[in-house]
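To convert, note that position 48 of the sequence shown is 47 in numbering that gives the first Met the number 0; the numbers rise steadily by one, no gaps. Glycine residues also receive a C-beta, built at the ideal position from the N, C-alpha and C atoms. It should be emphasised that the depicted structure is a prediction, and the values quoted were computed from it without experimental measurement.
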Amino acid sequence: MRRITALFVLVLCWATGLQAATYTLDAVGGSDTTGDGSAAAPWKSMAKVFTAVQPGDTVLLRPGNYGAVTFKKNSGVGTAAGRITYMADPATTTPRPSAWYEDGLDRPDPTDPDGKVIFTSILFDMYYDTWDSVTKIGVPAGHYVTLDGLNVVDGNVYLKSFVSHVTVRNCNVFGAWGEYSSQITGHAFNLYRAVSYGSNYQHILIEDCYATHCGGGVILLGNFHDITIRGCHFEHIAGTMMSLQGAMTDVVLEGNHAHHQVALADTLKHTHTAVAPGSPANTTFTVSGDATFLDHVSVIDASTGLEELRRPVSFNHTTYQVVLDEPLSFDVEPGDTVKFWDDNHGSGVAVRNGNFTLRSNRIHDCGGTRGIYFYTPPTEGYPNIVIENNLVYSTTNQYTVDFLNGLGNNCVVRNNTFVGRKHSNYDTNGDADKLYGFGMTNGKAATNADPATVVIANNLIVGTATVSAGAVVKNNIVYAGSGFEEDAVGSNANNLVYYNGESVGSEPHPFDGSGNYFVGGPLFDDLAFTTQHAENFNAAFLLVAAADAVGYGDPAYAPATDITGAPRDPAAPSVGCYECFAVLTGDADGDGDVDLDDFVILKNAFGQSPLLDPRADFDGDGDVDLDDFVILKLNFGR
């Protein structure tokens, strides 16, 4: 049977002429007139290769700036019989540094590519086979294109309305950047309905990509089936990192790192004029309206164009008086016009629909609206959602996760670590008597949803949280909660709640300090539970073996692996996004293996007194010494 199949394929390829070719492009040294597309005589432009490329072919791109490119019908696209791959030539281009997922990348110079393949924009234009006159939605014909290792500078990747069978892998987007929200690139990866009569996206994979200095990270707006956004890094984004809106099936956001929403004058929302400069001068103003999310402000002197960023010490929502943390450097006299723009709108993940999975994402230092937010859910809520193994902390807004009481039927929220902020300017909003702020608020089933189909289990919530009566609520650990039963029977059971009404100053402090509950690390004690900062504390929230969360989870509701992909204990899984087996492993960085990265952490901490980085203290005795080295050595390579 295999021989017959192989023979048939060979005959088919011969009959149709479908024999894969490899072409080479060189934007610097190639020629569209004298070249033949070979490695020895490469072409120069994408336009030239589009005249020759066939399904199944591969195009290798050498360093250079290739300008803007559009993939559309009869122009650079493949078929179901053969995809076309456009990739950076591994022999001549410089690969990304291995730490790009945590540390980010430097912006390339489009005039000096320096080993990089650069485009100014990449567009997948509308391409459909059939059209439904009733639904006004076309059925995508299929682009069948893979992009690998490319860079977009001062632009974005735009999939327009009717696109399918596209893979974007190992690509980087560096947006154009101005002073105001109206002067920046839109979403780095834009899957956006561009026409009033609908859209249809199918079989799209965006994987291991990086984006910075854009208006948003990725947006899905339209009709979607089989869409995966996986392993991407979004940083220094002006608005929402990941946005979901439309009709969706089989949509997955997995393993993404989204952080550091930038301080940027938002000219689109909440613009205010100082109508009465106050005393002390250049520090106190009364503005023209309420500022709901006033956490930072961009203050612009209309007469001179001078702009400065300030942090409000206080804002009165009745009188609209704002007091800045320090005076402006320019003088403001009565009658002058000074505009205040709220900073940081948008969420880490903005949800406006159901039918998706949000798994193993690291979201921090963003979310002027929320870290994860359900926007205006309908009375039946957003259904068929799995939210698991996510880490969300240090959000700009006081609410880390807000489901807005919009959980629909068949929603599962499990094994997440949601970290609320410590006391802040927002204490008057309801958590003033709690040490940690809103970790997971409004976590109830929607009015017309069946709460018995909602599962909230094995979550570690450093802050306050609320859940529905009638939902399955099991083995959660929460600082202060409403609706979390601690009894051992029923569908709401075995939850652990730390705060029980103690007065301010006498409340429990279970999560504070490196090495007590979380492994922590340098600066963790000062910054881990506050608003935005420059640090990355992803690994700091690893559990120590003595933490209550270790082994406290219900195995019936735990996913098979944790946020790093490491297997969970099948009998007694940990609560939260990280698994901890309460055994000595040598995995200092918590990435699920023991390798050279762990050795470097041990080496740097060896003999420290006092111990500044406890991650390599594998035996938990308060220092890093030969005993810890032996543990690492025994487990090295696992």
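In this chain, the beta strand (DSSP E) harbouring Tyr372 covers 371 to 373. In the three-state scheme derived from DSSP, where H, G and I count as helix and E and B as strand, Leu434 is classed as coil. In the structure shown, Lys43 falls within a coil segment according to DSSP collapsed to helix, strand and coil. Assigned with DSSP and collapsed to three states, Val261 falls in coil, not helix or strand. Between the alpha carbons of Asn404 and Glu379 lies a distance of about 10 angstroms.
In this structure Ala456 touches Tyr556 by the C-beta definition: roughly 4 angstroms separates them, less than 8 angstroms. Leu220 is positioned such that its CB atom lies no closer than 7 angstroms to that of Gln201. Rounded to the nearest whole angstrom, the C-alpha separation of Phe402 and Val412 is 11 angstroms.
The distance from the Cβ of Phe173 to that of Val151 is about 7 angstroms, consistent with a contact at the 8 angstroms cut-off. In the three-state scheme derived from DSSP, where H, G and I count as helix and E and B as strand, Val599 is classed as helix. In the displayed model, Lys72 falls within coil according to three-state DSSP, outside both helix and strand.
When rounded, the separation of the alpha-carbon atoms in His186 and Ser502 is 46 angstroms.
No Cβ-Cβ contact shorter than 7 angstroms links Val472 with Asn499.
In this structure, the CA atom of Ala80 is about 19 angstroms from the CA atom of Val48. The C-beta distance from Val116 to Pro62 rounds to 6 angstroms, short enough to meet the 8 angstroms contact threshold. Comparing alpha carbon positions, the residue from Asn415, Gly230, Leu631 closest to Asp592 is Leu631. Boundaries of the beta strand (DSSP E) harbouring Tyr22: 21 to 24, taken from the DSSP string. Burial state of Glu485 is exposed, judged by a 10 Å Cβ sphere holding fewer than 16 other Cβ atoms.
Annotation: Glu206 is outside any alpha helix (DSSP H); the continuous beta strand (DSSP E) that includes it extends over 199 to 206.
Sixteen is the threshold: when 16 or more other Cβ atoms of the shown chains lie within 10 Å of the Cβ of Glu578, as they do, the residue is buried. Each of Val165, Leu522, Val385, Leu190 was checked against the Cα of Val454, and the nearest Cα belongs to Val385.
Our two residues, Pro54 and Phe70, have alpha carbons roughly 13 angstroms apart in a direct line.
Residue pairing from DSSP places Thr57 in a beta bridge opposite Thr21, Thr84.
When the Cα atoms are used, Pro509 and Thr416 turn out to be separated by approximately 15 angstroms. Between the stretch 366 to 378 and the stretch 389 to 398, the count of Cβ pairs shorter than 8 angstroms is three or higher; the stretches touch.
Ala487 has its alpha-carbon roughly 38 angstroms from the corresponding atom of His258.
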